[in-house]
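Have a look at the structure below, then the notes.
In mature numbering (1 follows the signal peptide of the UniProt record, and there is no 0), the protein residues as written are -18 to -1, 1 to 138.
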(Lines of atoms letter the chains of each structure in order from A and count residues from 1; the text may use other names and numbers.)
(Lines give C-alpha, C1' and ligand atoms only; values in the text may rest on other atoms or scores of the structure.)
Protein backbone atom coordinates (compact mmCIF):
# COMPACT_ATOMS: atom_id res chain seq x y z
CA UNK A 1 0.00 0.00 0.00
CA UNK A 2 2.84 2.39 0.88
CA UNK A 3 4.44 1.70 -2.52
CA UNK A 4 1.20 2.51 -4.33
CA UNK A 5 0.89 5.81 -2.46
CA UNK A 6 4.54 6.67 -3.17
CA UNK A 7 4.10 5.92 -6.89
CA UNK A 8 0.91 8.00 -7.02
CA UNK A 9 2.69 10.94 -5.37
CA UNK A 10 5.61 10.67 -7.82
CA UNK A 11 3.26 10.61 -10.80
CA UNK A 12 1.32 13.59 -9.48
CA UNK A 13 4.56 15.53 -8.96
CA UNK A 14 5.97 14.65 -12.42
CA UNK A 15 5.81 17.51 -14.90
CA UNK A 16 3.12 17.22 -17.55
CA UNK A 17 4.28 16.49 -21.07
CA UNK A 18 5.12 19.74 -22.80
CA UNK A 19 2.74 20.80 -25.54
CA UNK A 20 4.00 20.41 -29.11
CA UNK A 21 5.12 23.81 -30.41
CA UNK A 22 4.82 24.05 -34.22
CA UNK A 23 6.93 27.23 -34.37
CA UNK A 24 9.84 25.45 -32.67
CA UNK A 25 9.49 22.29 -34.77
CA UNK A 26 9.29 24.07 -38.13
CA UNK A 27 12.11 26.54 -37.40
CA UNK A 28 14.98 25.52 -39.69
CA UNK A 29 14.77 22.85 -42.38
CA UNK A 30 12.29 19.99 -42.57
CA UNK A 31 11.41 17.43 -45.22
CA UNK A 32 8.15 15.55 -45.63
CA UNK A 33 7.23 12.50 -47.70
CA UNK A 34 3.62 11.55 -48.14
CA UNK A 35 0.82 10.08 -50.19
CA UNK A 36 -2.15 12.09 -51.49
CA UNK A 37 -5.35 10.24 -52.32
CA UNK A 38 -7.95 12.31 -54.17
CA UNK A 39 -11.38 10.77 -54.71
CA UNK A 40 -11.63 8.91 -58.05
CA UNK A 41 -7.86 9.25 -58.65
CA UNK A 42 -4.78 7.12 -58.02
CA UNK A 43 -2.51 7.88 -55.07
CA UNK A 44 0.20 10.45 -55.71
CA UNK A 45 3.57 10.73 -53.98
CA UNK A 46 4.33 14.20 -52.67
CA UNK A 47 7.46 15.52 -50.97
CA UNK A 48 7.73 18.87 -49.24
CA UNK A 49 10.93 20.76 -48.44
CA UNK A 50 10.42 23.52 -45.87
CA UNK A 51 12.50 26.23 -44.32
CA UNK A 52 11.17 28.17 -41.36
CA UNK A 53 12.51 31.46 -40.03
CA UNK A 54 11.45 32.92 -36.70
CA UNK A 55 10.72 36.62 -36.91
CA UNK A 56 11.35 39.28 -34.27
CA UNK A 57 7.73 39.24 -33.09
CA UNK A 58 7.93 35.47 -32.42
CA UNK A 59 5.98 34.48 -35.54
CA UNK A 60 7.22 31.95 -38.06
CA UNK A 61 7.59 32.41 -41.80
CA UNK A 62 7.64 28.99 -43.46
CA UNK A 63 8.55 28.57 -47.12
CA UNK A 64 7.47 25.23 -48.59
CA UNK A 65 8.50 23.78 -51.94
CA UNK A 66 6.06 21.04 -52.95
CA UNK A 67 7.14 18.30 -55.33
CA UNK A 68 4.27 16.31 -56.84
CA UNK A 69 4.67 13.56 -59.41
CA UNK A 70 4.71 14.80 -63.01
CA UNK A 71 4.11 18.44 -62.00
CA UNK A 72 6.58 21.31 -61.69
CA UNK A 73 7.52 22.22 -58.09
CA UNK A 74 5.41 24.94 -56.50
CA UNK A 75 6.14 27.23 -53.58
CA UNK A 76 3.79 28.42 -50.86
CA UNK A 77 4.24 30.41 -47.67
CA UNK A 78 2.82 30.03 -44.17
CA UNK A 79 3.03 32.78 -41.58
CA UNK A 80 1.73 32.15 -38.09
CA UNK A 81 2.18 33.41 -34.57
CA UNK A 82 1.04 32.41 -31.12
CA UNK A 83 -2.11 34.23 -30.01
CA UNK A 84 -2.87 32.32 -26.80
CA UNK A 85 -1.59 29.60 -24.52
CA UNK A 86 -2.54 26.84 -26.96
CA UNK A 87 -3.45 28.76 -30.07
CA UNK A 88 -1.74 30.10 -33.16
CA UNK A 89 -3.21 32.04 -36.06
CA UNK A 90 -1.86 32.90 -39.43
CA UNK A 91 -2.03 32.87 -43.19
CA UNK A 92 -1.20 30.51 -46.03
CA UNK A 93 -0.82 31.59 -49.65
CA UNK A 94 -3.06 28.65 -50.74
CA UNK A 95 -5.82 29.47 -48.25
CA UNK A 96 -8.96 31.54 -48.78
CA UNK A 97 -9.37 32.11 -45.03
CA UNK A 98 -7.13 32.70 -42.02
CA UNK A 99 -5.37 29.60 -40.66
CA UNK A 100 -6.29 28.43 -37.16
CA UNK A 101 -3.85 26.27 -35.22
CA UNK A 102 -4.90 24.68 -31.91
CA UNK A 103 -2.52 22.76 -29.64
CA UNK A 104 -3.92 20.04 -27.39
CA UNK A 105 -1.18 18.18 -25.53
CA UNK A 106 1.19 16.71 -28.07
CA UNK A 107 -1.11 17.21 -31.07
CA UNK A 108 -1.62 20.23 -33.30
CA UNK A 109 -4.80 20.74 -35.34
CA UNK A 110 -4.64 23.08 -38.34
CA UNK A 111 -7.80 24.26 -40.08
CA UNK A 112 -8.49 26.58 -42.97
CA UNK A 113 -10.63 27.02 -46.05
CA UNK A 114 -9.10 26.69 -49.48
CA UNK A 115 -10.34 27.82 -52.81
CA UNK A 116 -13.35 26.10 -54.47
CA UNK A 117 -15.14 25.48 -51.14
CA UNK A 118 -12.46 23.07 -49.87
CA UNK A 119 -12.05 22.74 -46.10
CA UNK A 120 -8.68 21.53 -44.83
CA UNK A 121 -8.25 19.81 -41.46
CA UNK A 122 -4.77 18.60 -40.47
CA UNK A 123 -3.57 16.78 -37.38
CA UNK A 124 0.15 16.86 -36.55
CA UNK A 125 1.30 14.24 -34.05
CA UNK A 126 4.94 13.96 -32.95
CA UNK A 127 6.43 10.49 -33.39
CA UNK A 128 9.61 11.57 -31.58
CA UNK A 129 11.62 14.79 -31.15
CA UNK A 130 12.59 14.87 -34.85
CA UNK A 131 9.55 13.37 -36.63
CA UNK A 132 5.92 14.39 -36.94
CA UNK A 133 3.04 12.53 -38.53
CA UNK A 134 0.73 14.75 -40.62
CA UNK A 135 -2.76 13.46 -41.36
CA UNK A 136 -4.94 15.76 -43.47
CA UNK A 137 -8.52 15.47 -44.62
CA UNK A 138 -9.98 17.73 -47.30
CA UNK A 139 -13.75 18.14 -47.50
CA UNK A 140 -16.02 19.85 -49.98
CA UNK A 141 -19.64 20.45 -48.97
CA UNK A 142 -19.11 18.02 -46.06
CA UNK A 143 -17.82 15.14 -48.23
CA UNK A 144 -14.22 13.96 -47.88
CA UNK A 145 -12.63 14.44 -51.32
CA UNK A 146 -8.95 13.91 -50.44
CA UNK A 147 -6.63 12.54 -47.76
CA UNK A 148 -2.94 13.16 -47.26
CA UNK A 149 -0.67 11.12 -44.97
CA UNK A 150 2.89 12.36 -44.44
CA UNK A 151 5.90 11.99 -42.18
CA UNK A 152 7.84 15.22 -41.61
CA UNK A 153 11.46 15.07 -40.43
CA UNK A 154 13.64 17.82 -38.95
CA UNK A 155 16.87 18.12 -40.92
CA UNK A 156 18.84 20.47 -38.67
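All residues carry an ideal CB built from backbone N, CA and C; glycine is no exception.
Owing to the predicted nature of the structure, the values given are computational and were not obtained by experimental measurement.
Excluding five sequence neighbours on each side, which residues of the same chain lie with their C-beta closer than 6 Å to the C-beta of residue i?
i: residue 70; result: 62, 64, 83
i: residue 97; result: 78
i: residue 16; result: 28, 130, 131, 132
i: residue -4; result: Reliability fails at residue -4, whose pLDDT of 43 lies under 50, so the model's placement of it is uncertain and the value that follows must be treated cautiously. Contacts found: none.
i: residue 59; result: 45, 75
i: residue 30; result: 14, 46, 48
Where do the ends of the beta strand (DSSP E) carrying residue i lie?
i: residue 50; result: 42 to 50
i: residue 33; result: 26 to 36
i: residue 61; result: 56 to 66
Looking only at its chain, what residues have a beta carbon closer than 7 Å to the beta carbon of residue i, apart from the 5 residues adjacent to it on each side?
i: residue 135; result: 12, 13, 112, 113
i: residue 102; result: 93, 94, 96, 118, 120
i: residue 40; result: 63, 64
i: residue 144; result: With the chain covering only -18 through 138, there is no way to say anything about residue 144.
Alpha carbons only, please: which of the options is nearest the one belonging to residue i?
i: residue 33; options: 99, 4, 20, 90; result: 4
i: residue 76; options: 107, 57, 42, 90; result: 57
i: residue 88; options: 37, 8, 107; result: 107
i: residue 127; options: 109, 99, 85, 8; result: 99
i: residue 68; options: 137, 138, 1; result: 1
i: residue 26; options: 73, 123, 52, 80; result: 52
i: residue 91; options: 18, 21, 105; result: 105
On the DSSP bridge assignment, give the partners of residue i in chain order.
i: residue 128; result: 20, 120
Answer with yes or no whether the minimum CB distance from residue i to chain C is below 9 Å.
i: residue 7; result: This model lacks chain C altogether; it includes just one protein chain.
Taking the alpha helix (DSSP H) that residue i belongs to, which residues open and close that run?
i: residue 2; result: First-last for residue 2: undefined, no H or E at that position.
By Cβ distance, which residues of its chain are closer than 8 Å to residue i, with the 5 residues on each side in sequence left out?
i: residue 137; result: 10, 11, 12, 13
Discussion item. For a minimum of 3 consecutive residues, which ranges assigned as the beta strand (DSSP E) are wholly contained in the region 73 to 117?
Written reply: 81 to 86, 89 to 95, 100 to 110
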